[in-house]
Every structure is written in structure tokens, then in C-alpha cells.
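From first to last, the protein sequence lines are chains A and B. Position one of the first sequence corresponds to residue -10 (my numbering), numbered consecutively onward. Position one of the second sequence corresponds to residue -12 (my numbering), numbered consecutively onward. Virtual Cβ for every residue (Gly too), placed ideally from N, Cα, C. These figures come from a predicted structure and were not determined experimentally. Report on one structure; see the data block that follows.
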Amino acid sequence: MKMLFKGTEAIAEAAIRAGCRLYFGYPITPQSELTEYMSRRLPEVNGTFLQAESEVATVNMMYGASCTGRRVMTSTSSPGFSLMMEGISYMAGAQLPAVFVNVVRGGPGLGDIQPAQSDYFQATKGGGHGDYRMIVLAPHTIQEAVDLMNLAFDLADKYRMLVTILADGMLGQMMEPVEFHEMRDLRDMPQKEWALTGASDHKPRKVTSFDIDPYELEKMNLRYQATYKKVEENEVRYEEINTKDADIIVAAYGTMARIVKTTIRMAKEEGIKVGLFRPITLWPFPYKRLNELADTVKNVLTVEMSYGQMLEDVKLGVNGKANTPFYGRSAGVVPTPTEVLEAIKKIMVGDLNGR
Amino acid sequence: MVDKAVDKVIARMPKSLSGKEFTYCPGCHHGIVHRLIAEVIDELGIAGKTLLVAPVGCSVFAYEFFDLDGTVAAHGRAPAVATGMKRALPDRIVFTYQGDGDLASIGTAEIVHAANRGENITTIFINNAVYGMTGGQMAPTTLLGQKTTTTPYGRTVKANGYPIRMSEMLSTLEGSAYIERVMVTTPQNTIKAKRAIKKAFETQIKGLGFSMVEVLSTCPTNWGMTPIEASKWLEENMTKQFPLGVYVDKTKGGN
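Here it is, written out as C-alpha cells:
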């Protein structure tokens, strides 16, 4: 049965249904409804909601909760995500699973509270210190956000990694009919033989991101790298629309990809065949498939609600096989389908005239 | 094996210590306090359900010295990590072990709010008036006039303000259930310190709220003193700025 839900609240409900019973968070626009939803919903399912004193405390509470082996999450928006970077690095080093939702807003600094995609670098390339990776999932509809929430917790536990849902103010604030997955049985949650639960039935366990011996720390790092390689091999996800016979391929994710879908229809009426390549996992990025597609077109246009961050990954994927023009607006300004179409036309003038 | 060769065992290493050799300098009080905590955990029979959160600082290796499930928090964040553990597993015993740089400087927000929430955790706070691990820099608890590597002319009020009294400060918060300041310079006050640590853990077992024991401690290496001089300096100088005593005790009914 489909229900009409606001994006932030749908994500919260999906997390609970995925087996999350622990939420720590700090209010920040445009995602505070997620925090509020958790505060009223978690007590109904014997869960724990705690409003922390800061995002710094939030992420460290998540660290502690995750140490016990239970599913835990938070949600925040850009400035809050920056504050969490310290804890994210520690959790990555301690191989603690957890799920973050970053409802991105305009930046840098205090920025504004409108939708943006300018935290792409921070989410996919690091942000915290050290050689770590985080799985980054980018939904483009509320239904997809709900579905990915379930996947996010499973991936986090499977690989002992952090997973971030990179959304934006548009997805967070809009309402759409969604269908939720069933409430998952907590007895089916994965057993974690590393969890700190009190050494009554096991030898004392240690969970840390620390080893003073560089050769031991290197071994830990090589373990992380081996995990990341597995994720790169097995967890790449993307969507393609009209990429066969396309005159031009547009690479876009999240809300921007949704806008490009409208542009595709508009372009079709004008006789332009626009294909969409939509990465769902921003890390691991679908380089390989993009490289194959680059053989079929002259131009791969990247469109973002930023000044060109995913563009760098698109260039790595295309690897010189096609032109890689860019169109984007940032700071909370959302490009319209018409603006994207205009950008496409400018690029294609030569091509179109030649037919 | 040793037991069979001797008639009577009067002391042994507490079971809750792992036996791993301490990394502390001669005359440092960390080792004494570790032992007291381990003895208390043994006596209360809670080793199998106790989780330790070690800090950043000289005691960063505490997670290895105790034979308990444990982790290391980011600098100052131990109370937040402990909060996450306790909220996830409310029937376990969770304690943090923190120094003065960790608790009284970078981690003030986390300790204040954990205490204010009445978070049912225990904190052992080692105050030695200096940053030990990084080589003797000024701590928020450094005494006025005290020379450190970042106050080479002595701490002044004008430049650095006053030494912060954490036990007094946290005792103003209603969530604090038990707070006591002790020292371990003599066998007599070491016995008192152990009593305080035991009471702090009992406070948590009873679910009364936040408990903390502040232990005034020496750092002979960074103070540039012998262990005996350091103990004397602590007694003569630190206890004036940081008076010993019970600051909050809600264990005696009524609350």
C-alpha cells in the first residue's frame, strides 16, 4: 500500500523498518523533521532516540552504540556533516558500521538552507583524515531513498563500513507516495563476533582505530583497502535511460538526475536524443560502465547542483574518449529542465547542424 | 602454579588487569589508579559486563591494560562514546578513563552534557595539571605560576585564566549522582580513593546517574621531579586549588 510521505520522514520510517533502533542527532535545517520523526516513532518500537549536544557528540555516540553491534544512524545537513568528520574517520578506522543521511544544503560555511549537491567531494573523497572510504548512495526519488535505506544498513553490516545517503533539501522536503518494505525482524539481524557486549562469553574484545606500531597500523589499513576493493567489485550501482543511440549522454545523480529526466522528454520533442547515466553509488563510482558508454557519444555532459565535483569522477570514467562539458548551479539554486536543455543545445549545435 | 609453592597469597594482580606491562613512567599514578579500578571491578563481580572507553593521552593504552571489552575514543569524546554504549546496552556497566586535557579542555562539552543528562556511566578523571603524552604542555588544570612547555614563564591569569575545577563545576548539575576528588599519594589516601571508585561504580549499578572520581595525580617526568618530590608537590600545591572531598553524593537515600 502506498502512503504519502515527506522525504525526511520516509527515510526515518525506512530506517526503523530496516532494523535501526538507535538514533542520535542534532537539529539542523533542512532535515529536522527526520530527527523529530525518530523522537516520536522510536519509543513506539522500543527504540532509543537521543538528541545530542552537538554533531560532534552525535557521531561519537554512534561510535559507542555501533561498538555494541546494534544498528545505528543519524541524519544531518552539510555544516553538521562537517562536524561529524572527526568521528567518521575514527569509525572508519575502527570498522564500525553505521548509516548517515546528509540532506545537503548550500555552502560553504553557513551557506543557506536550500538544496545543493556541493558535499560530493566531502562524502566520496574523504573529509575526515586518513585513507578511508565510505559507501555513498544517492537516491533521486523518495521511493528510492526508502529502498536504499534498507540496503544501506545491510551494506554497512556486511562490510563493516559507513554508508552515507547523500540526499538534498529537495528530496528531504518534497512529498511523494511511497511503498515501505516490511518491518524486519530484529532476530534476523546479523550477529557480530567483534561487538563489545561484556566479556562474559568471549575473550575481551578491543575495537579501535589505533595502533602505535606503524607496521601493525599498515596491516589494519591493508585490511580496509581489501574491503574497499571488494565493495568496488560488487556494489557498483547505476541507472541508464536512453543511452543506446543517444546524441549526448548526461551524467547526473539525485535530484539533478530527476530534473534531467524531464529534460530528456523535452529534448525528444525537439528531436534530440538525450541519454542519462545516473550513478546510484557515488562511491564506488561506476567508472567502468561510463567508460564503455563514452565510446558511443561525442559528449558526456555532467550536470550538478555544484560547480563541478562529480565532474572529476566523470572525467576519470570517460578517460579522454569523449568531451566532458559541464553545466551546474550551486549555493541552493536548482537548475531547471529548460536550462539543462539550453546547455545541451549549445554543446550540440555543431552536431545537430551536420545531420 | 606459584600458589602451590607459597603458603599464603596476600596480594595478586587483579583479574580485570590483562597483565600487559604498563607504559607509564616511574612514579606516575596511572598505574595505581588502574589497579584500584580493576580491584573494584573484581570485587563487584562485574568484569563480564563492563565496557571501557579509553581516552587519548598517556592512558590511551588503557584498553589493553584491562581485561575487559574496550575501545579508544577520540580526544575528549569518551563520555559521548560511553553514552552510545550505555543507551545501546543499558544493563552493562560503562566507564570512561580520562585525563585533564581530554576531559577538562577538548572534551568539556561531552562531559558536561553527559553529567547533565544524568547519563548512568562512571568517569575516572586523572588530573595531573599537565598534558603528559604530548610532552608537558599547559592543561586547563595547570596551576597559576606553574611552568610547562607552553607556559615557560609560568601560567598567568591574564594569558590563560584560572585552573578549572571540574568536580565543583559538574557538581552543580542535577544529573550528577556522585562526585568525589581523591589522591593516591599515601597508602591511607589510596584506600580512600579505592572506596570512592567503588562507590562510583555502585552508583551506576544502582542506576542513580552520572558518577565521577577525580584523582589528583603526579607527572614526575613532565614536572621535572622525582616521584617522591612529585607526591609532595601534589599534596602541598594541587590540593589547595583542588580540595579533596565529596562534592555530590546521592547514594544515601532521599534522592
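Neighbour flag for residue i against chain B, beta carbons, 8 Å
{"i": "R149(A)", "result": "no"}
{"i": "A54(A)", "result": "yes"}
{"i": "G343(A)", "result": "At G343(A) the pLDDT is 37, less than 50, meaning the model places this residue with poor confidence and gives no usable figure here."}
{"i": "E205(A)", "result": "no"}
{"i": "E42(A)", "result": "yes"}
{"i": "P195(A)", "result": "Position check: residue 195(A) holds Lys in this sequence, whereas Pro was assumed. Chain B contact via Cβ: present."}
{"i": "A188(A)", "result": "yes"}
{"i": "N35(A)", "result": "no"}
{"i": "F199(A)", "result": "yes"}
{"i": "Y217(A)", "result": "no"}
{"i": "F13(A)", "result": "yes"}
{"i": "T63(A)", "result": "no"}
{"i": "R59(A)", "result": "yes"}
{"i": "A156(A)", "result": "no"}
{"i": "E301(A)", "result": "no"}
{"i": "L39(A)", "result": "yes"}
{"i": "M164(A)", "result": "no"}
{"i": "E171(A)", "result": "no"}
Residue i, buried or exposed, once every other Cβ within 10 Å from all chains shown has been counted against 16
{"i": "T143(B)", "result": "exposed"}
{"i": "E97(B)", "result": "buried"}
{"i": "A(-2)(B)", "result": "exposed"}
{"i": "D302(A)", "result": "buried"}
{"i": "F13(A)", "result": "buried"}
{"i": "K145(B)", "result": "exposed"}
{"i": "K7(B)", "result": "exposed"}
{"i": "M345(A)", "result": "As displayed, chain A neither begins before -10 nor continues past 344, which places residue 345(A) out of reach and without an answer."}
{"i": "H16(B)", "result": "buried"}
{"i": "Q133(B)", "result": "buried"}
{"i": "N342(A)", "result": "Low per-residue confidence applies at N342(A): pLDDT is 44, beneath 50, and the placement is therefore not dependable, though the value from the model is reported in the following sentence. That one is exposed."}
{"i": "I113(B)", "result": "buried"}
{"i": "E51(B)", "result": "buried"}
{"i": "D174(A)", "result": "exposed"}
{"i": "R59(A)", "result": "buried"}
{"i": "L99(A)", "result": "exposed"}
Cβ of residue i within 8 Å of any chain A Cβ
{"i": "G35(B)", "result": "yes"}
{"i": "L131(B)", "result": "no"}
{"i": "Y118(B)", "result": "no"}
{"i": "N242(B)", "result": "Note on N242(B): pLDDT 44, under 50, position unreliable in the model; the coordinate value appears next. Answer no: the Cβ-Cβ gap between N242(B) and chain A never drops below 8 Å."}
{"i": "R79(B)", "result": "yes"}
{"i": "V68(B)", "result": "yes"}
{"i": "R22(B)", "result": "no"}
{"i": "L55(B)", "result": "yes"}
{"i": "E97(B)", "result": "yes"}
{"i": "V27(B)", "result": "no"}
{"i": "M156(B)", "result": "no"}
{"i": "T58(B)", "result": "yes"}
Expected contact under 8 Å - CB spacing of residue i and residue j to nearest Å
{"i": "T252(A)", "j": "V135(A)", "result": "About 25 Å; that fails the 8 Å criterion."}
{"i": "G243(A)", "j": "L160(A)", "result": "7 Å"}
{"i": "E171(A)", "j": "R6(A)", "result": "7 Å"}
{"i": "D54(B)", "j": "S3(B)", "result": "5 Å"}
{"i": "G(-4)(A)", "j": "M163(A)", "result": "6 Å"}
{"i": "A67(B)", "j": "N308(A)", "result": "In fact, because the Cβ distance is near 44 Å, the residues do not count as touching under 8 Å."}
{"i": "A156(A)", "j": "A320(A)", "result": "Between A320(A) and A156(A) the Cβ distance is about 17 Å, and since that is not below 8 Å, they are no contact."}
{"i": "L300(A)", "j": "T291(A)", "result": "4 Å"}
{"i": "F188(B)", "j": "G162(B)", "result": "That pair is no contact at about 17 Å."}
Residues bridged to residue i [DSSP beta-bridge criterion]
{"i": "N209(B)", "result": "DSSP output for N209(B) lists no bridge partner at all."}
{"i": "D157(A)", "result": "V93(A)"}
{"i": "F48(B)", "result": "Paired residue(s): none; F48(B) is not in a bridge."}
{"i": "N288(A)", "result": "N312(A)"}
{"i": "I80(B)", "result": "T37(B)"}
{"i": "N114(B)", "result": "L203(B)"}
{"i": "D200(A)", "result": "DSSP output for D200(A) lists no bridge partner at all."}
{"i": "E167(B)", "result": "V200(B) and V233(B)"}
**Request:** Determine, using beta-carbon pairs with one atom in the stretch 267 to 274 of chain A and one in the stretch 210 to 227 of chain A, whether at least three such pairs fall under 8 Å.
**Result:** yes
**Asked** At a cut of 8 Å, does the stretch 68 to 76 of chain A reach the stretch 85 to 99 of chain A through at least three beta carbon pairs?
**Response** yes
**Asked** Touch check for the stretch 135 to 150 of chain A and the stretch 119 to 127 of chain A: three-plus C-beta pairs under 8 Å?
**Response** yes
**Asked** Would you call the stretch 3 to 19 of chain A and the stretch 28 to 35 of chain B in contact, with 3 or more CB pairs under 8 Å?
**Response** no
**Asked** If we count Cβ pairs, one from each stretch, closer than 8 Å, do we get three or more for the stretch 271 to 284 of chain A versus the stretch 2 to 19 of chain B?
**Response** no
**Prompt:** Would you say the stretch 45 to 65 of chain A touches the stretch 113 to 122 of chain A, given that touching needs at least three Cβ pairs under 8 Å?
**Reply:** no
**Request:** May I ask you to verify whether the stretch 218 to 227 of chain B touches the stretch 151 to 162 of chain B, counting CB pairs closer than 8 Å and requiring at least 3?
**Result:** no
**Message:** I'd like to know if the stretch 55 to 66 of chain B and the stretch 33 to 43 of chain B are in contact, where contact means that at least 3 CB-CB pairs between them fall below 8 Å.
**Reply:** yes
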